[in-house]
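Protein chains in written order, with our numbering: chain A, 1 to 337; chain B, 1001 to 1268. Glycine included, C-beta positions come from ideal geometry on N, C-alpha and C. Predicted model, so just to flag it, every value in this text is computed and none were measured. So the structure is just underneath, and the comments pick up after that.
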Amino acid sequence: MSEQSLDLSLTTPVKRTWPRVKGVWVLIGLIAVMALMPLVASPYALLLLVPFIGYAIALFGFNLLFGTTGLLSFGHALFLGVGAYTASTLTSKFGILSFELIVLTSAVVSALVAVIIGVLCVRYTRIFFGMLTLAFGMLFHSFLFKFYSVTGGDQGMRVLRPLLLGMEWRGGKTAFLTGPFYYYVLALLALLGVAMWRITQSPFGLHLKAIRENAGKAAYVGVQIFRMRLAAFVISAVYGGIGGTILAVTTGLADPELAYWTHSGNLVFMAVLGGSGTFIGPAVGALAFVLLQDFVMAITQYWRFVMGGVLVLLVIFLPQGLSGAVEMLWSRKGGDK
Amino acid sequence: MQQAQASSVVDTPLFETIGVSKYYGAYRALHDVSFRVADGEFVSIVGPNGAGKTTLVNVVTGLLKPTVGEVRFLDRDIAGVGPVELARRGMSRAFQLVNVFPALTVRETLAVAVASRLRRIANPFRSLSRDRELQADVERVAEVLRLHAKLDSVASTLSQGEKKLLDIASAFALNPTVILLDEPTSGVSTGDKHAIMEVLVTAAKAAGVRAIVQVEHDMDLVARYSHRIVALQEGTVLADMPPDQFFADPAMISAVVGTRPPTVRRAS
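In structure tokens form, the structure reads like this:
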């Protein structure tokens, strides 16, 4: 790189992408802080962090589709449902308790479902893609809801406590979730987070960004639009499925509400809240959402009203989300020096 | 680039359309268009608005399938193969309107094309920044198209002329055999037009591009750089001749272009 181009990069808004480059370090920092949490935080707080980890994984996937590829899915909770019901089917129907096997199966099943749905959805973009994914999400929810004999209908299906690395935990539920399970899924978050970072920093990820920016031009420089969109859809579904598995183990229940469209809406909310333009943003959004929801639900039964208000304020005043706001403050500070 | 003249046109063409027609219902956008491009040629397609120039480029680049006819490139039929396959076979295209990836940097924009050419996509965990071969190639293309100083600038912050160059540069990054340019200089100042064309022609030589086909309104540029002019009128080929001959015929000019003949002669 010439010195001339270095000069240029200081004068153009390129600087704003600085924290993005370091996204993986923010993730590692977050994981490190979370690894220390059991030493200081109450079990109640830790019980909130376990679903957060599930959401964070799902959101990494969601944002590969939304932030990176430019496809906004309104049915992504479907894959959380697939993950959850895979976990419940394996544990309660087949007696398979190995968590590794459950996670792996959830990933495979989610990928298979995503290939079928993706082939039909990724030919479309914008609102058409959004509506189609929404429709598939609703179809899947109806299936879970109506096929009582298979899915337990509105009762859902129990998810038994899994074995971690083949070991059984004999303590209480809270101790399991805030102890070994917490660390296990935190490690999973680290692994899948770093993997996602690699994906976004690869030529593969660059082709996805090119599709988001200008699909028409991308085709002329050799980007295989359909294949790449489908690949992004499948990868995001795998992350969704694994996230859903974690959520289901946490509550001990695979509930049709997990696949309901409002849950898909929550995923969109989390991504917007945290900021889909950065790598870590959606995970931050998931954390903020889980904490905010818990806080608001404790003080009022009209929590949806409050959350809606937050979303309105967010879109108007912080369109780049929390991470976007931090980035902006950061670059402003950098500019003052 | 320079030596190509009428004699080589008789030889096997690099690229040709044979009796291409394109209809939209009753509307005839192209009718029986045949023309050839030989190795080393710079061919300009001219004609008034609505003559079918852009339709022709779209047919030739596989965006549109001709209703009738054949498009042959390196002796294979490429009608309707689609842009990705076309790029792989060695034909690339730059667009009439400014067409960039707004949020990507110049480096990233060029890397998109280089990554397709070097087939770096199959492994999603492969590092982009540590791929020396790919990065070196990106820098080579940027150097040739004089965008080196802007490598880390975001495309949306570039000037209009630079955006045009970037679009052309991503076409070059595919190491194409033939480049098709749809009004490469539209929307840029006169001074920039010449600068862009100079960079383009020099880059084509350096990069081993074997032919350039452009759609162009600016007769000054057409006269200066083309080896041959294909004039379209209402979807048919009105003339296919060297620029000297073309500009010597005032009737031709007023019929096709509707402007006075330029005073500038072709360079070299």
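For this session: Have a look at the DSSP bridge pairing and note the partners of glutamate 1085 of chain B.
Result: Answer is none; glutamate 1085 of chain B lacks a bridge partner.
For this session: Would you check if the distance between the CB atom of leucine 1030 of chain B and the CB atom of glycine 1235 of chain B is smaller than 7 Å?
Result: yes
Exercise. How many angstroms separate the CA atom of alanine 1204 of chain B from the CA atom of glutamine 1233 of chain B?
Worked result: Just so you know, the alpha carbons of alanine 1204 of chain B and glutamine 1233 of chain B end up roughly 29 Å apart.
Exercise. Secondary structure at valine 306 of chain A, three-state DSSP: helix, strand or coil?
Worked result: Assigned with DSSP and collapsed to three states, valine 306 of chain A falls in helix.
Exercise. Which chain B residues sit within Cβ distance under 8 Å of proline 201 of chain A?
Worked result: Per the sequence presented here, residue 201 of chain A reads as glutamine, with proline not at that position. Within chain B, the residues near glutamine 201 of chain A are Ser1127, Leu1128 and Ser1129.
For this session: Could you tell me whether the Cβ of arginine 1120 of chain B comes closer than 7 Å to any Cβ of chain A?
Result: Yes, contact with chain A.
Exercise. When the distance is taken between beta carbons, is phenylalanine 1172 of chain B closer than 7 Å to alanine 1207 of chain B?
Worked result: yes
For this session: In angstroms with no decimal places, state the Cα-to-Cα distance between isoleucine 127 of chain A and cysteine 121 of chain A.
Result: Cα-Cα distance, rounded: 11 Å.
Exercise. Would a C-beta distance cut-off of 7 Å place alanine 111 of chain A and valine 238 of chain A closer than the cut-off?
Worked result: yes
Exercise. If we cut at 7 Å on Cβ distances, does histidine 207 of chain A have a partner in chain B?
Worked result: yes
Exercise. Contact check, alanine 1211 of chain B vs glutamate 1041 of chain B under 8 Å by CB: the rounded distance?
Worked result: Rounded, the Cβ-Cβ distance is 5 Å, consistent with contact.
Exercise. Thinking C-beta only, is glycine 118 of chain A closer than 7 Å to phenylalanine 204 of chain A?
Worked result: no
Exercise. How long is the line joining the alpha carbons of tyrosine 1024 of chain B and valine 1178 of chain B, rounded to whole angstroms?
Worked result: 28 Å
Exercise. Which chain A residues are close to asparagine 1099 of chain B, counting only those with a beta carbon under 9 Å from its beta carbon?
Worked result: Result: Asn214, Gly216, Lys217 and Tyr220.
Exercise. So, using beta-carbon positions, are valine 1199 of chain B and arginine 1146 of chain B closer together than 7 Å?
Worked result: In this structure, arginine 1146 of chain B lies closer than 7 Å to valine 1199 of chain B by Cβ.
For this session: Verify the CB distance criterion: does alanine 259 of chain A have a CB-CB separation below 7 Å to chain B?
Result: no
Problem set entry | Rounded separation between leucine 6 of chain A and serine 1153 of chain B - CA only | Reliability of the predicted coordinates at leucine 6 of chain A is poor, the pLDDT of 31 falling under 50, and the value obtained from them is presented with this limitation in mind. If you take the alpha carbons of leucine 6 of chain A and serine 1153 of chain B, they lie about 10 Å apart.
Problem set entry | Own chain partners of valine 113 of chain A with C-beta closer than 6 Å, once the 5 adjacent residues on each side are dropped | Val82
For this session: Output the distance between the C-alpha atoms of valine 310 of chain A and phenylalanine 66 of chain A, rounded to the nearest integer angstrom.
Result: Rounded to whole angstroms, valine 310 of chain A to phenylalanine 66 of chain A spans 21 Å at the Cα level.
Problem set entry | Three-pair Cβ contact test at 8 Å for the stretch 200-219 of chain A versus the stretch 1104-1121 of chain B | Output reads yes: the stretch 1104-1121 of chain B touches the stretch 200-219 of chain A.
For this session: Identify the contact partners of arginine 1132 of chain B in chain A, using a Cβ-Cβ distance below 7 Å as the criterion.
Result: Per Cβ cutoff of 7 Å: no residues; arginine 1132 of chain B is ~13 Å from chain A at best.
Exercise. Rounded to a whole number of angstroms, what is the C-alpha to C-alpha distance between serine 142 of chain A and glycine 285 of chain A?
Worked result: 28 Å
For this session: Determine the chain A residues that contact glutamate 1108 of chain B at a beta-carbon separation under 9 Å, and present them in chain order.
Result: At a beta-carbon threshold of 9 Å, the residues of chain A lying near glutamate 1108 of chain B are Leu206, Lys209 and Ala210, ordered along the chain.
Exercise. Per DSSP, methionine 1197 of chain B is paired with what?
Worked result: Partner(s): none; methionine 1197 of chain B has no beta bridge.
For this session: Could you please give the first and the last residue of the uninterrupted alpha helix (DSSP H) stretch that includes tyrosine 55 of chain A?
Result: 43-63
Exercise. Alpha carbon to alpha carbon, how far is aspartate 154 of chain A from leucine 144 of chain A?
Worked result: Approximately 8 Å between the Cα atoms of the pair.
Exercise. Since asparagine 63 of chain A contacts proline 256 of chain A with CB under 8 Å, what's their CB separation in whole angstroms?
Worked result: Contact doesn't hold; Cβ gap of about 25 Å is too wide.
For this session: Compare the C-beta of glycine 70 of chain A with all C-beta atoms of chain B and state if any pair is closer than 7 Å.
Result: Not one beta carbon of chain B lies nearer than 7 Å to the beta carbon of glycine 70 of chain A.
Problem set entry | CB of valine 1020 of chain B within 7 Å of CB of proline 1048 of chain B, strictly | no
Problem set entry | Within 9 Å of chain D by C-beta, residues of the stretch 177-202 of chain A in sequence order | Of the protein chains in the structure, A and B, none is chain D.
Problem set entry | Counted within 10 angstroms of its Cβ, other Cβ atoms place proline 1013 of chain B as buried (16 or more) or exposed | buried
Exercise. With 7 Å set as the bound, which would you pick, yes or no: does the beta-carbon of glutamine 224 of chain A sit closer than that to a beta-carbon of chain B?
Worked result: yes
For this session: Spell out the partners DSSP gives arginine 1093 of chain B in its beta bridges.
Result: B:Leu1180
Exercise. Which class does alanine 1142 of chain B belong to by DSSP, given the choice of helix, strand or coil?
Worked result: Three-state DSSP puts alanine 1142 of chain B in a helix.
For this session: Inspect the CB distances between the stretch 1088-1096 of chain B and the stretch 183-201 of chain A and report whether three or more fall short of 8 Å.
Result: Flag = no, the stretch 1088-1096 of chain B and the stretch 183-201 of chain A do not touch.
Exercise. Span of the alpha helix (DSSP H) holding valine 115 of chain A?
Worked result: First-last of the alpha helix (DSSP H) with valine 115 of chain A: 99-121.
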